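Engineer: Before I ask anything, let me first share the structure, which is written out below as structure tokens.
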Amino acid sequence: MKENLEQIVQPLLRWFDQNARILPWRDQPTPYRVWVSEIMLQQTRVEAVKPFYQRFMEALPDIQTLANCEEEELLKLWEGLGYYNRVRNMQIAARTVIEEYGGKLPDDYLELQQLKGIGSYTAGAIASIAYGKVAPAVDGNVLRVISRVTLSREDILKQSVKRGMEQAIVEIMPADRPGAFNQALMELGAMVCVPNGEPHCESCPLKGLCLARKMGAMDEIPVKKAKKPRRIEEKTVMIIRDGEHLAIHKRPPKGLLSGLYELPNTEGHLTQNEAVAWIKEKGFSPIRIKGLETAKHIFSHVEWHMTAYLILIEDPQETGEYLFVEPEKTEEKYPIPAAFAAYARYMEIKLGQEKYREDL
DNA sequence: AACTCGGGGCC
DNA sequence: GGCCCAGAGTT
């Protein structure tokens with residue numbers, strides 16, 4: 001196995017030298033810059049990360065500023081990227097680095113993995129790219145490329161398969177260019193040995209030795225066990241306006257979208273009468289109400305099927321549960337997940353522009 | 001080992 | 001409509 005796999009090293013490095021994309025985090029691969037990029041890139045495509053990365057690095061240029069950042073501002077910088085615990089964990093790790101390592105990110109593969117949010121992949125990426133150390137960085141790209149090259153039909157979602165791949169990679173990794181080698185594998189997976197659609201084998205530096213290509217089995221590999229279907233949650237979303245302000249609600253500190261702000265909502269699809277009753281139960285005095293279009297938002301493991309109402313109320317008293325904010329302030333200050341994007345225009349409209357269907 | 005956690009682009 | 005992405009933490 002090792003003898004065979006060793007043949008990929010030089011062609012891969014040569015290809016990478018000619019074809020590496022210019023990416024913001026490749027510019028000055030300092031430990032912090034690599035760290036931030038790798039956290040953002042977890043389960044997230046390069047093109048999606050780019051705009052977030054630039055803005056984040058300007059706002060929080062080093063570990064110290066990250067450690068000191070207010071959580072609200074931190075989440076605002078991450079708004080729309082998803083997997084929000086990534087950035088909270090990164091801040092926890094930043095504080096650990098300051099307290100235990102004098103503010104310098106460790107260079108050791110195993111020590112890095114002790115930090116919150118840094119697993120085997122991210123530890124290997126930082127150690128190899130930022131510190132030039134021999135360590136594996138096996139992500140979905142690498143699992144796909146290597147399993148195709150070796151015609152492996154093992155389930156790449158199994159931990160044991162990933163560990164085996166990490167070991168195999170370490171054994172062939174060139175000691176003089178570990179960072180380039182890890183990035184080359186990922187780059188090939190992203191640009192040539194692509195995850196969806198036909199791989200571009202004609203332009204692949206490994207086409208001569210790829211066993212999946214030899215057998216015409218590129219479409220059968222990698223093998224992944226089927227995942228279970230998403231559950232569906234029905235919700236009714238309330239856009240509650242008093243004319244000047246919009247009601248928002250901070251989600252609980254644990255679970256889905258924890259700590260982010262949302263439009264008031266409740267379980268199930270409520271009729272208009274039920275929605276009015278719900279509003280009154282919350283202590284508000286509705287004046288007018290209008291039913292809005294339905295919307296769907298898909299998460300990894302859940303689907304929200306939403307219906308919604310636009311509701312005008314009399315001047316609210318602060319309940320503590322709900323915050324009444326100016327819509328413009330919402331955009332600059334409160335992180336709101338993309339799940340509510342379908343109703344964004346109702347959050348922003350000026351009172352009077354919208355015709356309510358019914359007076360109450 | 002199974003489940004949780006976002007969002008978007010591509011087929 | 002399904003797939004998967006420079007994964008990691010929790011149970």
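Numbering (the UniProt record's numbering), first residue to last: 1 to 360.
Beta carbons: idealized from backbone N, C-alpha and C, even for Gly.
Keep in mind it's a predicted model, so treat the numbers as computed, not measured.
#1: Express the C-alpha separation of GLN64 and ALA184 in angstroms, rounding to a whole number.
#2: Which full runs of the beta strand (DSSP E) of 3+ residues lie inside the region 249-302, going along the chain?
#3: Along the chain, which unbroken stretches of the alpha helix (DSSP H) at least 4 residues long are found entirely within the region 42-87?
#4: Tell me where the alpha helix (DSSP H) around LYS329 begins and ends.
#5: Going straight from the alpha carbon of ILE98 to that of VAL36, what length do you get?
#6: Per DSSP, which one or two residues make a beta bridge with TRP304?
#7: Quick test of your reading: VAL149 and GLY189, contact by CB under 8 Å. State the CB separation rounded to the nearest angstrom.
#8: Quick one: what's residue 376 bridged to in DSSP?
#9: Apply the 10 Å Cβ neighbour rule to ILE232 and answer buried if 16 or more other Cβ atoms are within range, or exposed otherwise.
#10: Whose C-beta lies closer than 6 Å to the C-beta of ALA125 among residues of the same chain, with five residues either side of it excluded?
#11: Roughly how many whole angstroms lie between the Cα atoms of PRO205 and LEU256?
#12: Are there three or more Cβ pairs, one per stretch, closer than 8 Å when the region 154-163 is compared with the region 229-243?
#13: Of the residues HIS297, LYS282, GLU47, TYR53, which one's Cα is nearest the Cα of TYR343?
#14: Can you check whether the CB of ILE289 is closer than 9 Å to the CB of GLN317?
#15: Between which two residues does the alpha helix (DSSP H) harbouring MET347 extend?
#16: LEU110 lies in the alpha helix (DSSP H); which residues open and close that run?
#17: Please classify ARG241: does DSSP put it in a helix, a strand, or coil?
#18: Along the alpha helix (DSSP H) that carries SER13, what are the first and last residues, could you check?
#19: Quick check on the DSSP output: the alpha helix (DSSP H) that includes THR122 runs from which residue to which?
#20: Cβ atoms of THR330 and TYR261: under 9 Å apart, would you say?
#21: Let's see if you can read the secondary structure: which residues bound the alpha helix (DSSP H) around ALA341?
#22: In chain order, what residues of the same chain lie with their CB nearer than 8 Å to the CB of residue 393, ignoring the 5 residues before and after it?
#23: Three-state secondary structure (DSSP) at ILE92?
#24: Nearest to GLN18 by alpha carbon, out of LYS133, MET191, ASN89?
#25: Per DSSP, what kind of secondary structure is LEU323 in: helix, strand or coil?
#26: For LEU310 versus LEU292, is the C-beta spacing smaller than 9 Å?
#27: What is the DSSP secondary structure of LEU312, reduced to helix, strand or coil?
#28: Can you grab the Cα-Cα spacing for the pair LYS250 / ASP139, in whole Å?
#29: Three-state secondary structure (DSSP) at LEU211?
#30: What residue range does the alpha helix (DSSP H) around VAL149 cover?
#31: Just to confirm before moving on: does the CB-CB distance between CYS69 and VAL145 stay below 9 Å?
#32: With a 10 Å radius around its C-beta and 16 neighbouring C-beta atoms as the bar for buried, classify SER147 as buried or exposed.
#33: Please classify ARG33: is it buried, with 16 or more other beta-carbons within 10 angstroms of its beta-carbon, or exposed?
#34: Quick one: what does DSSP say ALA175 is sitting in, helix, strand or coil?
#35: Excluding sequence positions up to five away, which residues of its chain have a Cβ less than 7 Å from the Cβ of ASP315?
#36: Is it true that the CB of GLU187 sits closer than 9 Å to the CB of THR21?
Structural biologist: Here's the rundown:
#1: Going by C-alpha positions, ALA184 is about 31 Å away from GLN64.
#2: Listed in chain order, the beta strand (DSSP E) elements of length 3 or more contained wholly in the region 249-302 are 265-267, 286-298.
#3: Under the rule that a run must span 4 or more residues, the alpha helix (DSSP H) segments found entirely inside the region 42-87 read 46-59, 63-68, 71-78.
#4: Going by DSSP, LYS329 is part of the alpha helix (DSSP H) stretching over 327-333.
#5: A straight line joining the alpha-carbon of ILE98 with that of VAL36 spans about 16 Å.
#6: Looking at the DSSP assignment, TRP304 forms a beta bridge with GLU233, HIS297.
#7: Incorrect: roughly 11 Å between the Cβ atoms, too far for contact.
#8: Since the first and last residues shown for the chain are 1 and 360, residue 376 lies out of range.
#9: ILE232 comes out exposed.
#10: GLU38, ALA137, listed in sequence order.
#11: Within the model, the alpha-carbon separation for PRO205 versus LEU256 is close to 42 Å.
#12: Cβ pair count under 8 Å is below three, so no.
#13: The residue with the shortest Cα to Cα distance from TYR343 is HIS297.
#14: Not a contact, by the Cβ cut-off of 9 Å.
#15: For MET347, the uninterrupted alpha helix (DSSP H) segment begins and ends at 344-348.
#16: In the DSSP assignment, LEU110 falls within the unbroken alpha helix (DSSP H) covering 109-112.
#17: Here ARG241 sits in strand by DSSP.
#18: The residue you asked about is not Ser; residue 13 is Leu in the sequence shown. For LEU13, the enclosing alpha helix (DSSP H) stretches over residues 9-19.
#19: 120-125 is the extent of the alpha helix (DSSP H) around THR122.
#20: It is a contact, given that the beta carbons lie within the stated cut-off.
#21: For ALA341, no alpha helix (DSSP H) encloses it, and the DSSP letter there is neither H nor E.
#22: Residue 393 cannot be examined here, being either before or after the span of the chain that is shown, 1 to 360.
#23: If DSSP states are grouped into helix, strand and coil, ILE92 belongs with the helices.
#24: Relative to GLN18, the option among LYS133, MET191, ASN89 whose CA is nearest is MET191.
#25: LEU323 falls in the strand class under three-state DSSP.
#26: Yes. Within cutoff.
#27: It is a strand residue.
#28: Rounded to whole angstroms, LYS250 to ASP139 spans 34 Å at the Cα level.
#29: Residue state, collapsed to three classes: helix.
#30: Annotation for VAL149: the continuous alpha helix (DSSP H) segment containing it runs 140-149.
#31: Their beta carbons are not under 9 Å apart, which means CYS69 does not touch VAL145 by this criterion.
#32: Counting C-beta atoms within 10 angstroms of its own C-beta, SER147 has 16 or more neighbours from the protein chains shown and is therefore classed as buried.
#33: By the 10 Å Cβ count, ARG33 comes out buried.
#34: ALA175 falls in the coil class under three-state DSSP.
#35: Excluding the 5 residues flanking it on each side, ASP315 has same chain C-beta neighbours closer than 7 Å at ASP242, in chain order.
#36: Note that residue 21 is Arg in the sequence shown, not Thr. Yes. Within cutoff.
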